Amino acid sequence: GNSVTQMEGPVTLSEEAFLTINCTYTATGYPSLFWYVQYPGEGLQLLLKATKADDKGSNKGFEATYRKETTSFHLEKGSVQVSDSAVYFCALDTGRRALTFGSGTRLQVQP
Amino acid sequence: DAGVIQSPRHEVTEMGQEVTLRCKPISGHDYLFWYRQTMMRGLELLIYFNNNVPIDDSGMPEDRFSAKMPNASFSTLKIQPSEPRDSAVYFCASSPQGAGQETQYFGPGTRLLVL
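Protein sequences, first through last, are from chains A and B. Heads up, the first sequence is in this note's numbering, so the first residue is 1 and it goes up one at a time. Heads up, the second sequence is in this note's numbering, so the first residue is 1 and it goes up one at a time.
Shown next as structure tokens:
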């Protein structure tokens with residue numbers, strides 16, 4: 001079946017540090033890949049997505065590249081801010097429209 | 001657009017009581033999803049609808065859970081009878097039809113506590 005594995009958190013960084021959150025997946029076919037972000041007390045929001053191999057999704061300084069050879073979609077940001085503190089979810093969709101989510105990674109950015 | 005609307009935002013009930021959660025998707029969206037989020041199990045898809053028809057309900061935990069979508073602008077998730085292990089945040093999400101339209105838009109969630 002389909003699955004998504006994320007690095008366990010929390011990830012604690014100082015402001016302006018470089019961020020990487022690892023995500024690998026197992027899926028049949030060629031899924032679309034997503035990163036969603038959840039701020040405290042809120043629902044999930046789409047952060048970025050990629051729909052085919054070698055695509056790079058980007059938004060708000062965050063980037064992730066769809067790597068089919070390593071079945072990965074790692075999230076990166078060059079310089080994090082306190083306002084980036086949230087829970088980040090990697091997810092995939094194999095065309096059924098139903099997302100399979102990873103367990104989430106909590107990011108804490110300290111001033 | 002107002003986004004996905006869920007009500008109530010918070011619900012506290014006693015074990016054995018019936019609980020009804022409500023969702024209004026974004027106008028024009030053809031897909032509607034119900035998720036449950038807990039610390040232990042993370043985000044789980046419970047059921048989703050396309051054009052008001054349930055497509056996959058394999059995530060519904062047991063017969064105590066039921067979901068309906070009587071029209072394109074309203075869905076309910078009902079738990080009867082409720083149990084303490086049902087305590088969680090329940091999210092509704094919607095997405096439009098069409099290729100490349102997989103993005104799901106989430107509501108703010110209903111935080112349910114069953115005592």
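The beta-carbon is built from N, C-alpha and C at its ideal position, and this holds for glycine as well. All of these numbers come straight from a predicted model, not from anything done at the bench.
Through-space distance from residue j to residue i, alpha-carbon basis
i, j, result
"residue 99 of chain A", "residue 18 of chain B", "28 Å"
"residue 31 of chain B", "residue 15 of chain B", "31 Å"
"residue 13 of chain B", "residue 81 of chain B", "11 Å"
"residue 11 of chain B", "residue 54 of chain A", "44 Å"
"residue 75 of chain B", "residue 49 of chain A", "27 Å"
"residue 67 of chain A", "residue 57 of chain A", "12 Å"
"residue 9 of chain B", "residue 79 of chain B", "16 Å"
"residue 33 of chain B", "residue 108 of chain A", "29 Å"
"residue 103 of chain A", "residue 71 of chain B", "32 Å"
"residue 104 of chain B", "residue 93 of chain B", "6 Å"
"residue 90 of chain B", "residue 60 of chain B", "12 Å"
"residue 7 of chain B", "residue 96 of chain B", "22 Å"
Supposed contact pair residue j and residue i - C-beta distance, whole angstroms, cut 8 Å
i, j, result
"residue 92 of chain A", "residue 37 of chain A", "The Cβ separation is near 16 Å, so there is no contact."
"residue 88 of chain B", "residue 112 of chain B", "6 Å"
Given residue i as reference, the closest of the options once Cα atoms are compared
i, options, result
"residue 47 of chain A", "A:84, A:71, A:29", "A:84"
"residue 70 of chain A", "A:106, A:76, A:104, A:25", "A:25"
"residue 86 of chain A", "A:2, A:12, A:1", "A:12"
"residue 21 of chain B", "B:104, B:29, B:66", "B:66"
"residue 44 of chain A", "B:36, B:63, B:48", "B:36"
"residue 35 of chain A", "A:89, A:104, A:108, A:80", "A:89"
"residue 8 of chain A", "A:106, A:110, A:61", "A:106"
Simplified DSSP state of residue i, which is helix, strand or coil
i, result
"residue 55 of chain A", "coil"
"residue 70 of chain B", "strand"
"residue 57 of chain B", "coil"
"residue 41 of chain B", "coil"
"residue 12 of chain B", "strand"
"residue 36 of chain B", "strand"
- Just list the alpha helix (DSSP H) runs in the region 3–29 of chain A, keeping only unbroken ones of 4 residues or longer that don't cross its boundaries, in chain order. none
- At which residue ranges does the region 29–94 of chain A contain complete beta strand (DSSP E) runs of 3 or more residues, listed in the order of the chain? 32–38, 44–50, 56–59, 62–65, 75–77, 86–93
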